[in-house]
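Numbering (my numbering), first residue to last: 17 to 291. We treat Cβ as the ideally placed atom computed from N, Cα and C, and that holds for glycine. Worksheet for the structure shown next.
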């Protein structure tokens, strides 16, 4: 598709996360995802080996048995496709441990139950709580597509007045990824991300959005109790910094079977551009 300069940066993308981000009324903290009554989609980036085995079996049991997917490492899931693209460099701009993007369609009811047990990494949560929790939630600045972004931003930019949920899993929560009643489908969406990156690199934001999102990411209807548990009523002016990292070395950053899930620091859970 040809490059239309008038669409670079200012394109209005109908029925997509991009259009929501451009709205001045979008809430500060919402869970935006591709979802229906039964499932909610989240993303992870993996190596070729893990992706091939997981997709073929529709399960992470296969790469776990092959010894390339770890049950004991902390890992992160995220429902924002652009955040996933930023984290893995659209599967092409980072490293081969993030060469493939998998979409996990999770049981929505169990996803909500999982989040009810989460520890928030922001505010007054003690560092020790994050170290011990099986589920850690961090609200990071959302990302939107930006063809003019600096190289290190990999065709995206932060949206400082909107937060995106990042979910860190360890221990028993990681084992849930092996449960077929929780992970209903595993789909390789790498080609969507690469096509979107190519179009975005040419300045075609609309085309990139169409390639990236098979259906729109929408704010989920979240039960009141879960909204309270995730502190979703918080506004920008009320936000405290995330739990600060400890003196954890770069080598200790959380790597899931060869897949770097964000900038997770083992035991502390700092994922991405935490503020």
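| message | Looking at the strands, I want to know which residues DSSP matches up with residue 152. | response | 135 and 184
| Classification of residue 237 by the beta-carbon crowding that lies within 10 angstroms, buried from 16 upward | Counting C-beta atoms within 10 angstroms of its own C-beta, residue 237 has fewer than 16 neighbours from the protein chains shown and is therefore classed as exposed.
| request: Less than 8 Å between the CB atoms is what I'm expecting for residue 61 and residue 151, so what's the real figure, rounded? | output: Actually they are not in contact, since the Cβ atoms of residue 61 and residue 151 sit about 20 Å apart, beyond 8 Å.
| field | Distance CB(residue 133)-CB(residue 197) smaller than 8 Å | value | no
| task | My understanding is that residue 48 touches residue 235, with C-beta atoms under 8 Å, so please give their C-beta distance in whole angstroms. | result | 5 Å
| message | Does residue 112 come out as helix, strand or coil in the three-state DSSP assignment? | response | Helix at residue 112.
| query | DSSP three-state call for residue 168: helix, strand or coil? | reply | helix
| task | Just mark residue 217 as buried or exposed, buried being the case when its beta carbon has 16 or more other beta carbons within 10 Å. | result | exposed
| query | What are the partner residues of residue 56, as DSSP defines its beta bridges? | reply | According to DSSP, which records beta bridges pairwise, residue 56 is partnered with 51 and 122.
| field | Cα-Cα separation between residue 138 and residue 155, rounded to whole angstroms | value | Cα to Cα, the separation comes out at about 8 Å.
| query | Below 8 Å between beta carbons: does that hold for residue 107 and residue 180? | reply | no
| query | CA-CA distance, residue 226 and residue 50? | reply | 14 Å
| Ranges of the beta strand (DSSP E) found wholly within the region 177-258, counting only runs of at least 3 | 199-204
| query | Going straight from the alpha carbon of residue 70 to that of residue 250, what length do you get? | reply | Spanning the two alpha carbons is a distance of roughly 37 Å.
| Any chain B beta carbon closer than 8 Å to residue 248 | Of the protein chains in this structure there is only one, and it is not chain B.
| residue 192 to residue 199, Cα distance in whole Å? | 8 Å
| CA-to-CA distance, residue 55 to residue 104, given in whole angstroms | 24 Å
| query | For residue 129, does the three-state DSSP call read helix, strand or coil? | reply | helix
| query | Any idea what DSSP makes of residue 270, helix, strand or coil? | reply | Below a pLDDT of 50, predicted positions are generally treated as unreliable, and residue 270, at 37, falls in that range; the measurement from the model is reported next regardless. The answer is strand: DSSP assigns residue 270 an E or B state.
| message | For residue 169, count the other beta carbons within 10 Å of its own beta carbon; 16 or more makes it buried, fewer makes it exposed. Which is it? | response | exposed
| Does the Cβ of residue 285 have 16 or more other Cβ atoms within 10 Å, making it buried, or fewer, making it exposed? | Note on residue 285: pLDDT 36, under 50, position unreliable in the model; no value is reported.
| field | Proximity below 8 Å, CB of residue 183 to CB of residue 92 | value | yes
| request: State the start and end residues of the unbroken beta strand (DSSP E) segment that holds residue 66. | output: Premise fails: residue 66 lies in the alpha helix (DSSP H), 64-73, not in any beta strand (DSSP E).
| message | In whole angstroms, give me the CA-to-CA distance for residue 98 and residue 171. | response | Taking the straight line joining both Cα atoms gives about 10 Å.
| request: Go ahead and label residue 189 buried or exposed: buried means 16 or more other beta carbons lie within 10 angstroms of its beta carbon, across all protein chains shown. | output: buried
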